[in-house]
Every structure is written in C-alpha cells, then in structure tokens.
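Novice:
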Amino acid sequence: MHTRTWRKRLGRIVWALGLCWSAGAAAWFEDYTPSVIVTDPYIELHTGPGRGYPVFYVAGQGEEVVVLKRRTDWFKVRGRRDNEGWVHIDQLRHTLDLEGNPVEFGEVGRAQYASRRWEVGMTGGDLEGAATLGGYVGFALTPNIGLQVEGAQILGDFSDGHMVTGSILMFPFPSWRVSPFFTIGTGMIWISPQTTIVQSEDRRDEIAHAGVGANVYLSDRFVLRMEYKRHTVLTSRDDNQEIDQWKAGFSLFF
Amino acid sequence: MLAALWVCSAPSLAAEDDALDLEPLVVREPERQPVDVDRIDTENFEVGIFGGVMSVEDFGVNPVYGLRLTYHVNEDFFVEGSYGRTRLDQTSFEELSGGARLLTDSERDMSFYSVSLGYNLLPGEAFVGGRYAFKGGLYLLGGAGSTEFGGDDRCTVNLGVGYRFIPTDWMALQLNVRDHIFDSDLLGQDETRHNLEFSGGVTLFF
Numbered sequence: 001m002h003t004r005t006w007r008k009r010l011g012r013i014v015w016a017l018g019l020c021w022s023a024g025a026a027a028w029f030e031d032y033t034p035s036v037i038v039t040d041p042y043i044e045l046h047t048g049p050g051r052g053y054p055v056f057y058v059a060g061q062g063e064e065v066v067v068l069k070r071r072t073d074w075f076k077v078r079g080r081r082d083n084e085g086w087v088h089i090d091q092l093r094h095t096l097d098l099e100g101n102p103v104e105f106g107e108v109g110r111a112q113y114a115s116r117r118w119e120v121g122m123t124g125g126d127l128e129g130a131a132t133l134g135g136y137v138g139f140a141l142t143p144n145i146g147l148q149v150e151g152a153q154i155l156g157d158f159s160d161g162h163m164v165t166g167s168i169l170m171f172p173f174p175s176w177r178v179s180p181f182f183t184i185g186t187g188m189i190w191i192s193p194q195t196t197i198v199q200s201e202d203r204r205d206e207i208a209h210a211g212v213g214a215n216v217y218l219s220d221r222f223v224l225r226m227e228y229k230r231h232t233v234l235t236s237r238d239d240n241q242e243i244d245q246w247k248a249g250f251s252l253f254f
Numbered sequence: 255m256l257a258a259l260w261v262c263s264a265p266s267l268a269a270e271d272d273a274l275d276l277e278p279l280v281v282r283e284p285e286r287q288p289v290d291v292d293r294i295d296t297e298n299f300e301v302g303i304f305g306g307v308m309s310v311e312d313f314g315v316n317p318v319y320g321l322r323l324t325y326h327v328n329e330d331f332f333v334e335g336s337y338g339r340t341r342l343d344q345t346s347f348e349e350l351s352g353g354a355r356l357l358t359d360s361e362r363d364m365s366f367y368s369v370s371l372g373y374n375l376l377p378g379e380a381f382v383g384g385r386y387a388f389k390g391g392l393y394l395l396g397g398a399g400s401t402e403f404g405g406d407d408r409c410t411v412n413l414g415v416g417y418r419f420i421p422t423d424w425m426a427l428q429l430n431v432r433d434h435i436f437d438s439d440l441l442g443q444d445e446t447r448h449n450l451e452f453s454g455g456v457t458l459f460f
C-alpha cells in the first residue's frame, strides 16, 4: 500500500510539472498488464508455468483475461472470476486485443537468431594440453560482423593462468543454421606455475590470434559454438611462441 | 408514401434524441493501444544463496555456502552459475603424524565456481498432507568450472540432482546433491577426487 501511495504522489508531481503523461511514464509507475480476448474454443490455465502442472480452470471463447507476467513461454493470466493461472504461448497466439486486432505473441526462433544483437556464452577447451574455461560476450555490429570480449581461465598440470582477448568475428553466411566464422584478435595472457612445482616467477605476455569456427543454432535461445584458434604469444624472449586452442561451448542470444 | 414513412418514424427519432440528450457530454473512451507482448514483465532469472555441508576427499566435511544465478531458457532447460566457499580440515595423515602440515592456513580455504546446464526432469505438484499442493520438480545438473584447492586452480566437472520447491510465484527453495570432480596431485600422485556437496538454498525470481 505504501509504495502505491508513493507512486500516486510521484504521479501527481509529474502531472503538476506539466509533463506529458506518456505511455513510457505510465509504464514506469505500474506494471503493464494488458487484457486479451480468447478466440480459441478455450484456453487452459495451469497451476504453474509448465506442462507438468495440472489444468485447474478453462477460459472459454470470448472471455477477457488479463496478462500479468511471463516466465519462459508461459504467461500468468487472470480470468473472469479472478482465477490466476499459467497459459502456454501457443494458446494465446489466436487471442485478440480489446479492439479486436490479433496480438503478436512472438516466439524465439531462427528469425530472432539471425537478427540477434547480444550473445553470452561459455566454452571449455584445450590449450596445448591445459584445460581452458571461458566466458564471452558478443555484440553484432551487422549480421556479418561481430565484436567479442572473452575471458578464460587456463588450468594446466604444471601451471595456471588467465587470458583476456578482444576479437572481431566475420560471419560470411549469417542466416545458415550452421554458420561458419573467421576471427582475429589480440589480448593478454598471465601464467603462473602450480604450487607443487618449484619454478620461476609469473609471466605476463601479449597475445594475438587468428581462428575459425562455427555457430550452430540449436533451438530457443541456444547456440552451439565450436572454435579453433592459433595464438601467437609475443614473449620477451627471442622467439615468439605459437599455441593452439580448441574449444566448444554454448551461448544464449538476446 | 414517403410522408407516411416520415410520420411513422418520427416518434422513434424523437425518442432517440431524448436518449442522446441524457448521455453525458463527454464520453470517456478507455485509451486502447495494441497489446505489446515485449512489455509484459518477464521473470526468467532466479538469484539466491545456498548453504550446506561439503565433503572434500581426505579433508573432512565442512560447511559450504555460496551464491547462485539461474536463467530459465525454456520450461525444460536452465543455465546456472554458482560460486561457493568451504574449508579444508586436516587429513588423517596430518592428524596422526602430529606436526606435519600439508597446507598453509590460507590454502585451506577452498572456493569454486561453475556454469551448469539444468534439465527439469520431473516437474509437477507435490502434496503436503491433504490440503496443500505446491509446485516444484526434480532436476538434473551438469557443468564445468574451476576449484581453488590447496592453492591451485583445478578444472572441475560437477554433476548433481536437486529438487526445486516453489511455494509462491516469486520464490523457490532448493535441495541439492552435487559431485564436484577434479584431478589433483596434492597428495603425491595424480588422482581423481570426488567431493560431495549437500546443500539447501533460497532463490527469488526476477
């Protein structure tokens, strides 16, 4: 109740200031809970957001339901008699808004994958015999070109380390389900020996890499990522060191 | 003919005029906008804490606690990131030998992180007595991460099973049994170590 009065007060202040009561301001102060009208013969309200939860109420054709919130592909709705339950997106796809226009209940699929902006993922791999665990964030500048920042932990038998890299990725065929890419980038690598081994001090070097890989669209927001990179460690010694990295993982896109 | 029609319809027209006069001058139409599904509040994330006990092979059983963040991709799969801390006791060798110490005090702090993929294997309702039904479900987990064990980072695979109990739409309770598996040569030769975590947690959906 307390927050509601505060919301009202804030609302009045905004009104008094003569600001336009735009849809955006309204959305800031209250949850967006639109009403839709059932046009299928009926929709089933489950007790929870999943097919394993039983149906406890059926809203018939023509009934108005209020959509309260969403979890994955399930929407929590309130029916005519204040019954609250969860409905799958497939059953809401044919509903109408109060004007009688169809409501666009979009589903995440290949089309969304092709126009993705952000990709967040993790990989596991092998770096010259040591295990690597990495996380990355990618941003698509265009469907063909992406930027990526990656951090990885290196877990070897004799030494541990970290690696941070920034890369550019080029996708020549972004709409393919199996979409190959080329990548180049640069970064830093830190290596320190294991405590059970008596050895010299920690090392920090610049690295540059070139690689190839592929994104495989799985379903929903899941993408499988496979990659091979060849790193050149720009050491302070006479020779640069070349190391190979193989990795695979999965990502979610948004 | 036309005149007759006009005479017949005139009273009804007059009646409608009266009705219109009674209507308020301003008719307030609710402002209707097309439904924007993207603006509906989504609650696919779950964040929370966990605590319990962890048995580290050769190093005894100690309290474990940590943080968890879960993203529900669809009703079947979720991705979970977790970070935890525990403590290593003395091994039997250290206790029996008297003074020998394998690890320094700071090396006895053990921490781990992991990213796992979860699958809701048996979702459904659970019944408590005859009156109450609660949402929940059994899930399986598997993932990879790293464990700081005896001062070194070890690549760690974790496998587990848990039960999620959802008393309200915005909160969940979990029970977890997990095996954290890694290789270590801390006690001489390289061996695979199984470390069992038994924990409970509270999470909030947002």
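From first to last, the protein sequence lines stand for chains A and B. Take 1 as the starting number for the first sequence in this note's numbering and just add one per residue. Take 255 as the starting number for the second sequence in this note's numbering and just add one per residue. Glycine is no exception: its CB is placed at the ideal position from the N, C-alpha and C atoms.
#1: Below 8 Å, how does it come out for the region 82–89 of chain A and the region 350–370 of chain B: are there three or more Cβ pairs, yes or no?
#2: Helix or strand or just coil, what does DSSP make of B:PHE460?
#3: Does any CB atom of chain A fall closer than 8 Å to the CB of B:GLY396?
#4: Would you say A:ASP97 lies against chain B (beta-carbon separation less than 8 Å)?
#5: Where does B:PHE347 fall in DSSP's three states?
#6: Considering only their Cβ atoms, is the gap separating A:VAL67 from A:VAL36 smaller than 8 Å?
#7: In chain order, what residues of the same chain lie with their CB nearer than 6 Å to the CB of A:PHE136, ignoring the 5 residues before and after it?
#8: Who are the near neighbours of B:ASP444 in its chain, counting only those whose CB is closer than 8 Å to its CB and skipping five residues on each side?
#9: Going by other Cβ atoms of all chains shown within 10 Å of its Cβ, with 16 needed for buried, is B:TYR386 buried or exposed?
#10: Just curious, the beta strand (DSSP E) that B:ASP406 is in, first and last residue?
#11: Is the shortest distance between the beta-carbon of B:GLY378 and the beta-carbons of chain A less than 8 Å?
#12: Tell me, please, whether the region 96–107 of chain A touches the region 332–346 of chain B by the rule of three or more beta-carbon pairs shorter than 8 Å.
#13: Could you give the residue range of the alpha helix (DSSP H) that holds A:ILE258?
#14: Using three-state DSSP, classify B:GLN443 as helix, strand or coil.
#15: Could you tell me if A:MET188 is buried or exposed, where buried requires 16 or more neighbouring beta carbons within 10 angstroms of its beta carbon?
#16: Do you know whose CA, among A:GLU99, A:ASP244, A:PHE253, A:SER251, lies nearest A:ASP126's CA?
#17: With a cut-off of 8 Å on the beta carbons, I'd call A:THR183 and A:LEU169 a contact; round off their distance for me.
#18: Please go through the same chain and pick out, in chain order, the residues whose beta-carbon is closer than 6 Å to the beta-carbon of A:TYR84, but skip the five residues on each side of it.
#19: Spatial neighbours of A:GLY211 within its chain, please: C-beta separation below 7 Å, excluding the five flanking residues on both sides.
#20: For B:LEU440, which residues of its own chain have a beta-carbon under 6 Å away from its beta-carbon, when the five flanking residues on both sides are left out?
#21: Please state the DSSP three-state secondary structure of B:SER360.
#22: Using a beta-carbon distance below 8 Å, is A:ASN144 in contact with chain B?
#23: Examine the ligand PLP and report whether any of its heavy atoms sits within less than 7 Å of the Cβ of B:ARG293.
#24: Do the region 313–320 of chain B and the region 339–346 of chain B meet, that is, are 3 or more Cβ pairs less than 8 Å apart?
#25: When you compare only the Cα positions, how much space is there between B:ILE294 and A:PRO34?
#26: Give the DSSP bridge partners of A:GLU225, in chain order.
#27: Could you give the C-beta distance for B:GLN428 and B:THR457, rounded to a whole number, given that I count them as a contact under 8 Å?
#28: Does the Cβ-Cβ distance between A:ARG117 and A:PHE139 come in under 8 Å?
#29: Checking 8 Å against the spacing of the C-beta atoms, do B:GLY353 and B:SER453 come in under that value?
#30: The beta strand (DSSP E) spanning A:ARG70 covers which residue range?
#31: Taking C-beta to C-beta, are A:LEU155 and B:ASP407 nearer than 8 Å?
#32: List the endpoints of the continuous beta strand (DSSP E) containing A:ARG116.
#33: Establish whether the CB of B:HIS448 and some CB of chain A are separated by less than 8 Å.
#34: Measuring CB to CB, does B:ARG418 end up less than 8 Å from B:TYR393?
#35: Does B:GLU451 get closer than 8 Å to chain A when you measure Cβ to Cβ?
#36: Compute the distance between the beta-carbons of A:ARG225 and A:PHE253, then report whether it is under 8 Å.
Specialist: In terms of the structure at hand:
#1: no
#2: coil
#3: no
#4: yes
#5: helix
#6: yes
#7: Before going further, note that residue 136 of chain A is Tyr rather than Phe in the sequence given. Excluding residues within five positions, the ones whose Cβ falls inside 6 Å are GLY121, GLN148, GLU150.
#8: ASP437, SER438
#9: exposed
#10: 406–422
#11: yes
#12: no
#13: Outside the displayed range of chain A (1 to 254) lies residue 258 of chain A, so it cannot be described from this structure.
#14: coil
#15: exposed
#16: A:ASP244
#17: 5 Å
#18: Sequence check: residue 84 of chain A is Glu here, not Tyr. Excluding residues within five positions, the ones whose Cβ falls inside 6 Å are ARG78.
#19: THR183, GLU227, TYR228, LYS229, ARG230
#20: GLY404
#21: helix
#22: no
#23: In the structure shown, the ligand PLP is absent, as is every other ligand, since no ligand is present at all.
#24: yes
#25: 8 Å
#26: Residue identity check: residue 225 of chain A is Arg in the sequence provided, not Glu. DSSP output for A:ARG225 lists A:ASN215, A:GLY249 as bridge partner(s).
#27: 7 Å
#28: yes
#29: no
#30: 64–71
#31: yes
#32: Careful: A:ARG116 lies outside any beta strand (DSSP E) and carries neither H nor E.
#33: no
#34: yes
#35: no
#36: no
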